[in-house]
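Under my numbering, the letters of the sequence shown match residues 12 to 1087, in that order. In this text, a Cβ means the ideal position worked out from N, Cα and C, and glycines have one as well.
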Amino acid sequence: GESLQNVTIYGKEGKLLSKSWVYVKFPESCSYLVEFVARCEFSTSVRLTLEDSSIDIKIENTTNEIYDLRFYVKKGTKYLIFEVIEGLGIFIDWVKISQSIECENFSYKVGEVWSIGDGNASGGKAVRLSKGDGNYLSTNIYLPKIDFYDLCIKAKEDFDTEHSILEISLGNYTRQFRIMSSFYEWYYLRVFSSVIGYERLTFRMLSEHEGSAAYIDLVEIWYERQAEGYSKPICELTNTCKIECENAINNTDLRRDSQGGVLENGFCIWDNGSIWNWIYVPQDAYYNFSFFMKGIFYKGAPRVYFILDDRIVTEFELIQSWRFYNGSVYIEKGPRKFELRYWNDLWEGSPSKDRSPIIDFMHFEFGDFSYTLSGKVTNQSGYPLYAELRIDGRITNTDENGTYSIPCLKLGSYQASASALGYFTFYTEVVLTSNHTQNFTLYPEGFYLSGLVRNEQTNEFISDVKISISSFQNSFLLNTNILGEYSVFLLKGNYTIHASKEGFADFYSSLSINSNTSFNFSLTPVYLVSGQVIDSSTTLGIPNANISFTNSSIITYYALTNSQGEYHLYLKYGIYKVTVTSDSYIPININISIYSNLTYDFVLNKVSTLNQTFHGDVEINFSVSEGIINTYYGANERDRWDYFTYDSTDQTHHCEAGNQYIRIWTSLDNGGYGMNPPTDEWHPKDATPLRWSGSYYYWDWTQLDDYIEAVQNASTQPILAITYAPYFMNYTYKKTGPNYIPDDFNWFGDYCANIVAHYRDLGKNIQYWQIWNEPFIWGTWKKVSKGDIYIQMYKIVEQKMHAVNSSIKIGGPSLAEQDYSFIEDMLKDSSLNFQLCSWHTYATGKFWTNPPEPRDDSYVMARTQAYEDYAKNVRSWISKYRPGKDIKLILGEYNINSSTTWNNSPNVDPRQHTLFGAPWTASALIHIIKGRIDVELFFLGTGNPLSWGAISFGFGLWVHASNILVPSFYAKQYFSTYFKQGSTIVNSTIINASKIPNLEVFAVKKDTSYNIILVQKENITRSFTLALNGVSPHVINAHTIDVNSMQGRHYSIPPDNILNITLYGLGVSVLEIKVQ
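What follows is the structure, given as structure tokens:
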């Protein structure tokens, strides 16, 4: 109780000492308060040590200030030590040590309420603790025993992005807890006192975020008593406590869905909200807990936290089906607050609110839950099975090795079952007396598949045919015997059958096995056709000559001669129409019968110039053929699919543009850019649940059905791009963004296969399907050896899709331009059934280079050549790795620019909807045709001013809101009208290129139609002459898009077939030549 005057850490000569101390005699063992007055010239940290306890404090004021600290000290004489640990030093004026302190308004006894604020949790007078301020809150409490005490705090946080962490100290005992609500709530924790008498209670802010803070309004401390608000716990944990949803809910409004309707089964936690209640725990012990929950969510990575006494025990990532979530936790005796808090990591573009989890009940049980039941599920041959295990209502699945594990069990008897697709379910009783291993052997529920394989041409039996039969779970390899017979025992289910033998085309089909089945089929012979294309005058081979073989089914196969003029191709037997073309040579058209391996040389004659007169700057010769247009025209519908689907005007525009295909992004799940979310309770308008075998979900197909019907109403055919996996399928890698990888490729394969089956059963006859969209650009597919993960997924998904409809064509990977070379890797893998090859290219696309490539007008116009170059590269890879295979090339997306932040503003590139777009689109289409791309799909058809965050026209060929047709629309319309699929490409030459640079010319003929397109790629006015050869014009009509808008013009026919042409700035002109 005495004061020590004039104590300083400085020596008599001003020398700085590190320590200063004094002897103090303590009369009894208890808690003491040390108060001192100090100042400093510069900020200094000081450590006070008393017996075995040390406390650090920072002195920052240049004037004297009182500081006080609390220590528990045993009876006797002790050192009180001051030690400078950082800074220059402090001056201490006096020190006082007190055994019992009665501070005004800051001392109270157990059972009393420390009303720090106004006492009603309104926050008006509550104390704010902030880490940034470095302040704390403390008082003295009189404690009657050395024991545990129940501390109750009414508080709220004061920061909206970080939870506030507070530290509470009772003497030397310290605990931390988290303030998790922006509203005043009671927080409960247990603290221990090692003294009798007055002890110091202190609150400090510990959050890492400097701005975090909390308001504390009321504090209550009790011994063997419960505070107001939880004196009646919901149930007592004597043996088992099952909290049904109606009892566990604290706020009945939470049991309503997003439309305000009451949820009949379970209650819902809304976005970043929580539910909580109290349980009285009878003794300190381990308790098993379980929750029966499912998620209903839209986007993001939803989780539920289980919080006990305001500390997070564990977290669960939800899926969209009912599932048990289990665990074990040590809980101390007394009333305990439990809480379930829902949290969703939303990624950019997600809505602010989300469909949330539904919880059916919570269950706590007292006992020793440290036991585990584990084992393996195999078939009778010991092969591991993917199976479902049920143990008294708890469900788990085996891994790829057939093993399973169910932890947190207590000793006792359980009813167990194991089931797998195609096997009989096995039931047994398991008595758990310790950690237990229970293996299951399942026996197949299967049938025999047998049949004969014949030669389609000769009807003879074929031996040694390799047959692969695969399903979701199993794969079988077998060969036919000498009589062409095969037989195999299969489990009940759906299968894909693939048969192959050298000299025959591969055979694919799908089968459903639910009884003993006989399945006979034939293989079509394939013969090697090879030879050389020869110049008649030099007898040398002609390189880069085009050869096309068209069979009676109008399927065309292509070959390109090498540097020696050689070609080779594998073809099915039959009669083919063969066309051979090369620049400056007269084409050959001939019929060839192929019923064995064949060597056939073609001799071409050069075009004679003696009978032709070329007098113009540009010369067209309609008598010289250079190939056939095999390109179909189309567009994407993705951005405003709902406008397109439900507005006939947009469908009409597709017809006017001459589009033959529309690519749509197909998904049943909102999270994957689809339209229709899954649900466990959905019943569609016809009251028939659309749910396939093995699916957890019902699906509403209405909007996707309407989407596809709208495509066909527009007189086009759909190309379905399955993009992407539903969100409930979990994701192996990055969890933000749309382009997730499904954990279970088989599950995703079933999802895709059942979409195929749905439209097969509706008779929609959808031929082209793409698996995924731009898999590598989002950073979510980690490329291992250039896409091994995608290839693994593709193999499984393709087989499952073909198993339900073997007639469809499947491909991908719809690559962004920077990953274009991955196409070659896929073609190299002969195990892939790869029928469609798709990629995307935008004129300003190479932004990933360092430095990025330029985006000026001249560069963008020159980039159209890339469409031809890329396609020719892919054709050469097909000839190299898949000779004779009919693999379609699809340019899945193209436009000038894919960015929605043009010049750092929320707009698309304006060149896409101004006059510049017309010549650019026309030039791109010329090179697309020359590259022999099978289907081009402009991005996109229906545009909208708010597309993809842009506030301008968007990417469309027309704008839905204003019904404006952009210039690129008319360019595409010119090609679909005057340059139809099947037209013959004729020779066109710019003789005087230096006079008319940046001009492109393209010409075709079909029956009696002769058409020329002139593409002016530079904004200048120019005049030149155009000479026509090989045609006798009767009327020439001109159609023009330029600065003078849309024009029609009639040309008179001069006697020498020379036209004088003037083009005014950027534009496109079509010359339509009519003959008598």
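Check	Outcome
Through-space distance from Thr150 to Ser40, alpha-carbon basis	20 Å
The beta strand (DSSP E) enclosing Ile673, as first and last residue numbers	Tyr672 to Thr677
Minimum C-alpha distance to Arg465 - residue among Gly495, Ser479 and Ser481	Gly495
Of the residues Ser849, Tyr870, Pro418 and Gln923, the one placed nearest Ile901, counting alpha carbons only	Ser849
Which residues DSSP lists as bridging Trp758, in chain order	Partner(s): none; Trp758 has no beta bridge.
Test item: CB-CB of Ala429 and Phe435 under 7 Å	no
CA nearest to the CA of Asp840, picked from Ser817, Asp67 and Tyr805	Tyr805
Inter-residue Cα distance where the pair is Lys883 and Ser392	51 Å
Integer-rounded CB distance, given that Phe203 should sit under 8 Å from Leu177	Actually they are not in contact, since the Cβ atoms of Leu177 and Phe203 sit about 17 Å apart, beyond 8 Å.
Pair within 7 Å by beta-carbon distance, Ile908 and Tyr981	Strictly speaking, residue 908 in this sequence is Asn, with Ile absent from that position. No, Cβ-Cβ distance for Asn908 and Tyr981 is not below 7 Å.
Simplified DSSP state of Tyr654, which is helix, strand or coil	helix
Alpha-carbon to alpha-carbon, Val589 and Ile545	16 Å
Stretch-stretch touch, CB-based, cutoff 8 Å, three pairs: the segment 498 to 510 with the segment 569 to 587	no
Cβ-based neighbour list, Glu611, same chain, cut-off 6 Å, excluding 5 preceding and 5 following	Checking the sequence shown, residue 611 turns out to be Tyr, not Glu. Gly542, listed in sequence order.
Beta-carbon gap between Gly457 and Leu502 smaller than 7 Å	yes
Backbone secondary structure at Ile766 - three-state DSSP	helix
Whole-number beta carbon distance between Val1079 and Val1026, since they are thought to touch under 8 Å	6 Å
Inter-residue CB distance, Ser56 and Ile96 (contact presumed, cutoff 8 Å)	5 Å
Neighbourhood of Asn608 by C-beta distance below 6 Å, restricted to the same chain and skipping five residues each side	Tyr538 and Leu539
Backbone CA spacing between Asn490 and Val614 [nearest angstrom]	44 Å
Nearest-angstrom Cα separation, counted from Leu319 out to Phe188	11 Å
Own chain residues within Cβ distance below 8 Å of Thr1036, not counting five before or after	His626, Gly627, Asp628, Val629, Ile1069, Leu1070, Asn1071 and Ile1072
Selection from Ile565, Arg886, Ile631 and Gln449 that minimises the alpha carbon distance to Ile996	Ile631
Environment of Leu773 [buried if 16+ CB atoms lie within 10 Å]	exposed
Assumed close pair Thr988, Gly669 - CB separation to whole angstroms, cut-off 8 Å	6 Å
7 Å Cβ cutoff met for Leu1092 and Asn647	No information on residue 1092 is available, as it lies outside the stretch 12 to 1087 that the chain covers here.
Residue nearest to Ile1052 in terms of C-alpha spacing, selected from Ile1007, Lys1017, His1045 and Trp931	Trp931
From Pro921, Ile834 and Lys820, residue whose alpha carbon lies closest to that of Arg866	Pro921
Alpha-carbon to alpha-carbon, Val84 and Ser31	19 Å
Cβ contact check for the segment 866 to 877 and the segment 934 to 943: 3 or more pairs under 8 Å	yes
Segments assigned alpha helix (DSSP H), at least 4 residues, entirely inside the segment 926 to 987	928 to 941
Delimiting residues of the beta strand (DSSP E) encompassing Leu715	No beta strand (DSSP E) contains Leu715, which is instead part of the alpha helix (DSSP H) from Thr713 to Asn724.
Contact check, Trp888 vs Leu926, beta carbons under 7 Å	no
Exposure of Phe949, with buried meaning 16 or more beta-carbon neighbours within 10 Å	buried
Pair within 7 Å by beta-carbon distance, Phe500 and Tyr454	no
Rounded straight-line distance, which links the Cα of Asp799 to that of Asn816	26 Å
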